[in-house]
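Residue numbers (our numbering): 1099 to 2003.
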């Protein structure tokens, strides 16, 4: 189908070729039939094969060396040892595979969450569907800010401009026309009646019929040439990768020294070689980046359940550093359920009943109930509200659903309340954008043509020369203007958003002949509407959480300054300060002054997208970490510049979503605060399992190194070292990554973006714990040796079993201490992290099995332990844990008895 010269085909011929119907689209049955043949998905780089992913677990250099040594061990007769070591390596490989596979699946889920949508006409009804469900013949609605979801032949276009740099390299938007007649041989850049997948609408709107999807599109042909893709690592993963390489070198040097010293003392060469290699395999934290990926991805999935859809993993790290949240007002801080409450012309004001998008409601003047249809001026306002409008409202059994902009939906409801529902024939549209702050349509009413305009009052008045006063057109002078401006200020102080309406009669020959500016000049001002958009429930609590967490909330809106200030005061962004910074003020402020205003005033009004971008850069230059929300296409630069670009799923354009690192599924400010909370918690958990893993690994290395240095017998056999790694490293470390957020996570200041993972003394804590684990393990080993000598027996197995068990239990006690850098496990609630309790319980049971199950005793060279052995092991391994428990009991039960009556388990 895509080999057809679609740009040469008329609209009627195009519909025939794709077997679709204008004004109706495809039936549900036909869509399902075509889905079997067409897919609107671009093929990506080759996916990781699970089998290869598993086999890749055996490609680490030290694992290969260990396997080779195991084979040699089996050949020379130690078959049981060889089989057991092989089994442990395979189990470790399975755990590594599970971690990596989960990370891969989680990243795939993240991509699915961020997939784009398209508005289409199917069976005569406008519906929103995932873009991947498009098929040839679908009719797609196009709006400014949308990404073109498939290759389209345009069938309608209103001031439509598309930026095609993704295909042509040219960043200047191309003006499109559905009616363009083109020659046979034209390049993609000159196909003005076509729209191509992956390009972006910068202005206007229109419709197109799908002529190619997925790999059959022009973008698909390019994608087929580039099939290799690689997931970028987050900054933290990169730092851990570098750390891992350094630790590998240190571990290999120490392990080589352990092996050499053992051989020098006369230990069995193969045993010492196996011990050195086993220690290297156990001690090298090669799984750190993979575990980080899993924890980040699991965090992303948790956030998605709370309506924060993370598109880029690095955003999760940055969220915890956020110091400023720059938020739009409409729909983010407010409900985005506009209701027109007042309507005014020069000499009369009406109050309007009703809430939300319910079409029932009456109009009231000072004298009583009022019918606006019987008043020519109010009726004209309703006509403008109805026709200068692209929204639609559908009544379903469950709720009223709007399609399009909420402001336009409110105006549509206003017209319906007034008894108007039938629109005039639309001839042309000059679309709204955030710079123009107005929208115009040209309609045919009977035999006459009119331009109808709606927009911000101050903008619209500059395009008007007349105003309707007492039923007659009067020159718009300063006094007349002041009447509406004063009314706007009064309404704005009550948090009403004000829109103005204007019109003029035009000659049919001027419709396509004169410029947009000329068409929109010399208008007649009709009146204004005041609409309310109440704050979202609980948004004031979220603002307070931000302030408690050291995060500065800043409101940035295009609305009137007084309206912005009224909402800001309602939700607590500002209290006593009555100052608002406007776009005009920003132009007159240098960067230093703008920064001071941003951090103190916290309310910006009547700003343009360019102002948003400047605010972001000024904040960033002064080391603030900025989250910026955006919805319109012109917000994309500011969203992209921010440390955390936040797009709106409901009201946002696809271009802005593409530029963002996070999308709010509910367009709610509170969701950003939830994401910051989650970001801090995730980073805390990463520090926790790094603290645990590295502390344990250092302990294992030091046990073997110090024993060799002190000319002690080998305290742990190779098979025991690998078992410790299996029992203590995998499940407990992963469970730490699932630790619930600590109390007060949003009561502390944001961490610095440049803060290292070992900041606040974490490196020192890890090293000291590693030394402590080594000392108590060697102490248990020494006690075991002394006991054997005292009783005149040569039982090295007892000493090793005690050292082996002490090392395991020291690490399992330590994992509970790693749950927090501030609180004891008893303050947190001992069983609050059920995953950790289960993981530790499994580890304990597995270890007890190798001590007391006779067949495993022979394999692991262990002996059963008596009660006094256990007493020594528990006291040594749980020394710090027991000390913290006693401290907790003394402090919370005896000192602060009224506050804490018992240990919280």
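Note that beta-carbon positions come from the ideal geometry of N, C-alpha and C, so glycine has one too.
1) Buried or exposed for residue 1962, please, with buried defined as at least 16 other CB atoms from any protein chain shown within 10 angstroms of its CB.
2) Give the straight-line distance between the Cα atoms of residue 1567 and residue 1441, rounded to the nearest whole angstrom.
3) What did DSSP end up calling residue 1248 once you bin it into helix, strand or coil?
4) State whether the region 1746-1755 contacts the region 1724-1738, with contact taken as three or more CB pairs (one from each stretch) at a distance under 8 Å.
5) Using the DSSP secondary-structure output, state which residues sit across from residue 1855 in a beta bridge.
6) On the three-state DSSP scale, how would you describe residue 1160?
7) If you draw a straight line from the alpha carbon of residue 1230 to that of residue 1248, how long is it in whole angstroms?
8) Please name the residue or residues paired with residue 1762 in a DSSP beta bridge.
9) From which residue to which residue does the beta strand (DSSP E) around residue 1570 run?
10) Please report the distance separating the alpha-carbon of residue 1890 from that of residue 1852.
11) Would you report the Cα separation of residue 1396 and residue 1780, rounded to the nearest angstrom?
12) Of all the options 1484, 1828, 1394 and 1807, which has the alpha carbon lying nearest to the alpha carbon of residue 1790?
13) May I ask you to report which of helix, strand or coil DSSP gives residue 1562?
14) To the nearest angstrom, how far is the alpha carbon of residue 1492 from that of residue 1454?
15) Please classify residue 1843: does DSSP put it in a helix, a strand, or coil?
16) Does the region 1480-1487 come into contact with the region 1401-1417, if we say contact requires no fewer than three beta-carbon pairs (one atom in each stretch) closer than 8 Å?
17) Ignore the nearest five residues each way along the sequence and tell me which others in residue 1651's own chain have a CB closer than 6 Å to its CB.
18) With residue 1276 and residue 1304 assumed to form a contact (beta carbons below 8 Å), what rounded beta-carbon distance in angstroms separates them?
19) Taking the beta strand (DSSP E) that residue 1438 falls in, what are its first and last residues?
20) What span of residues does the beta strand (DSSP E) with residue 1823 cover, start to end?
21) Can you give the Cα-Cα distance for residue 1580 and residue 1125, rounded to whole angstroms?
22) In terms of residue numbering, what span does the beta strand (DSSP E) encompassing residue 1975 cover?
23) When you compare each of 1716, 1720 and 1750 to residue 1727 by their alpha carbons, which one comes out closest?
24) Since residue 1801 contacts residue 1941 with CB under 8 Å, what's their CB separation in whole angstroms?
25) Quick check: the Cα distance between residue 1117 and residue 1404, rounded to an integer number of angstroms?
26) Measure the Cβ-Cβ separation of residue 1592 and residue 1662 and say whether it is below 8 Å.
27) Could you check what DSSP says for residue 2000 in three-state terms: helix, strand or coil?
28) Return the residue from the list 1626, 1691, 1675 and 1527 that minimises the CA-CA distance to residue 1613.
29) Would the region 1699-1712 and the region 1735-1745 be scored as touching if the rule is three or more Cβ pairs under 8 Å?
30) Could you tell me if residue 1912 is buried or exposed, where buried requires 16 or more neighbouring beta carbons within 10 angstroms of its beta carbon?
31) Using only CA atoms, which one of 1881, 1904 and 1392 lies nearest to residue 1893?
32) Since residue 1257 and residue 1301 are thought to touch, with beta carbons under 8 Å apart, how far apart are those beta carbons, to the nearest angstrom?
33) Just to confirm my understanding: we take residue 1174, look at its own chain, exclude 5 residues before and 5 after, and list those with CB closer than 6 Å. What are they?
34) According to DSSP, simplified to helix, strand and coil, what is residue 1837?
35) Can you have a look at residue 1325 and say buried or exposed, based on whether 16 or more other CB atoms are within 10 angstroms of its CB?
36) Please determine, among 1585, 1503, 1511 and 1605, the residue with the shortest C-alpha to C-alpha distance to residue 1542.
Taking the structure as given:
1) Here residue 1962 corresponds to residue number 864 of the chain shown, with the count starting at 1. Exposed.
2) If you number the chain shown from 1, residue 1567 lands on position 469. If you number the chain shown from 1, residue 1441 lands on position 343. Near 15 Å, if we compare the C-alpha coordinates of residue 1441 and residue 1567.
3) Position 150 of the chain shown, counted from the start, is the residue given in the question as residue 1248. DSSP places residue 1248 in coil when its eight states are reduced to three.
4) yes
5) Residue numbering aside, residue 1855 sits at position 757 when the chain shown is read from its first letter. The partner list for residue 1855 (beta bridge, DSSP) is empty, contrary to what the question assumes.
6) Here residue 1160 is taken as the residue at index 62 of the chain shown, counted from 1. In this prediction, residue 1160 scores a pLDDT of 49, lower than 50, which makes its location untrustworthy; the coordinate-derived value is nonetheless stated afterwards. Correct three-state label for residue 1160: helix.
7) Taking the chain shown and counting its residues from 1, the one referred to as residue 1230 is at position 132. Taking the chain shown and counting its residues from 1, the one referred to as residue 1248 is at position 150. Looking at the two C-alpha atoms, the distance is approximately 9 Å.
8) Looking up residue 1762 in the chain shown gives position 664. Residue 1762 pairs with 1406 and 1746.
9) Your numbering for residue 1570 matches position 472 in the chain shown. Here the beta strand (DSSP E) through residue 1570 covers 1570-1573.
10) Looking up residue 1890 in the chain shown gives position 792. Looking up residue 1852 in the chain shown gives position 754. Using only the alpha carbons, I get a separation of about 60 Å.
11) To locate residue 1396, count along the chain shown from 1; it is residue 298. To locate residue 1780, count along the chain shown from 1; it is residue 682. Looking at the two C-alpha atoms, the distance is approximately 9 Å.
12) Numbered from 1 along the chain shown, position 692 holds the residue referred to as residue 1790. When each option's Cα is compared against that of residue 1790, the closest is 1828.
13) Within the chain shown, numbered from 1, the residue matching residue 1562 stands at position 464. In the structure shown, residue 1562 sits in a strand (DSSP, three-state: E or B).
14) Walking along the chain shown from the start, residue 1492 turns up at place 394. Walking along the chain shown from the start, residue 1454 turns up at place 356. Each residue's alpha carbon lies about 14 Å from the other.
15) Looking up residue 1843 in the chain shown gives position 745. Here residue 1843 sits in coil by DSSP.
16) no
17) The residue given as residue 1651 occupies position 553 in the chain shown. Contacts found: 1423, 1641, 1644 and 1671.
18) Within the chain shown, residue 1276 is the residue found at index 178, counting from 1. Within the chain shown, residue 1304 is the residue found at index 206, counting from 1. Their Cβ separation, rounded to whole angstroms, is 7 Å, which keeps residue 1276 and residue 1304 in contact under 8 Å.
19) Within the chain shown, residue 1438 is the residue found at index 340, counting from 1. Segment 1437-1443, the beta strand (DSSP E) holding residue 1438.
20) Numbered from its first residue, the chain shown carries residue 1823 at position 725. Run containing residue 1823: none in the beta strand (DSSP E); it sits in the alpha helix (DSSP H), 1816-1834.
21) Residue numbering aside, residue 1580 sits at position 482 when the chain shown is read from its first letter. Residue numbering aside, residue 1125 sits at position 27 when the chain shown is read from its first letter. So the alpha carbons of these two residues sit roughly 55 Å apart.
22) Your numbering for residue 1975 matches position 877 in the chain shown. Careful: residue 1975 lies outside any beta strand (DSSP E), inside the alpha helix (DSSP H) at 1965-1975.
23) On the chain shown, position 629 is the one that residue 1727 refers to. Out of 1716, 1720 and 1750, 1750 has the C-alpha closest to the C-alpha of residue 1727.
24) Within the chain shown, numbered from 1, the residue matching residue 1801 stands at position 703. Within the chain shown, numbered from 1, the residue matching residue 1941 stands at position 843. Going by Cβ atoms, the distance from residue 1801 to residue 1941 rounds to 18 Å, so no, they are not a contact pair.
25) Within the chain shown, the letter at position 19 stands for residue 1117. Within the chain shown, the letter at position 306 stands for residue 1404. Taking the straight line from one Cα to the other gives about 42 Å.
26) Working through the chain shown from its first residue, we reach residue 1592 at position 494. Working through the chain shown from its first residue, we reach residue 1662 at position 564. Not a contact, by the Cβ cut-off of 8 Å.
27) As a first step, residue 2000 must be located in the chain shown, where it is residue number 902. Model confidence at residue 2000 stands at a pLDDT of 45, short of 50, so the residue's coordinates are unreliable; what they give is reported in the following sentence. Looking at residue 2000 - three-state DSSP - the assignment turns out to be coil, as it is neither helix nor strand.
28) Translated into positions along the chain shown, residue 1613 becomes position 515. Cα-wise, what sits closest to residue 1613 is 1527.
29) yes
30) Numbered from its first residue, the chain shown carries residue 1912 at position 814. With 16 or more other Cβ atoms within 10 Å, it is buried.
31) Position 795 of the chain shown, counted from the first residue, corresponds to residue 1893. Comparing Cα positions, the closest option is 1881.
32) Your numbering for residue 1257 matches position 159 in the chain shown. Your numbering for residue 1301 matches position 203 in the chain shown. Residue 1257 to residue 1301, Cβ: 6 Å. Contact.
33) Here residue 1174 corresponds to residue number 76 of the chain shown, with the count starting at 1. At residue 1174, the pLDDT of 49 sits below 50, so the modelled position is not reliable; the number obtained from the coordinates is stated separately. So the list is empty, once near-sequence residues are dropped.
34) The residue you call residue 1837 lines up with position 739 of the chain shown. It is coil, neither helix nor strand.
35) By 1-based counting over the chain shown, the position of residue 1325 is 227. For residue 1325, the predicted model reports a pLDDT of 46, less than 50, meaning its position is unreliable; a value from the coordinates is still stated below. That one is exposed.
36) Residue numbering aside, residue 1542 sits at position 444 when the chain shown is read from its first letter. The shortest Cα separation from residue 1542 among 1585, 1503, 1511 and 1605 belongs to 1605.
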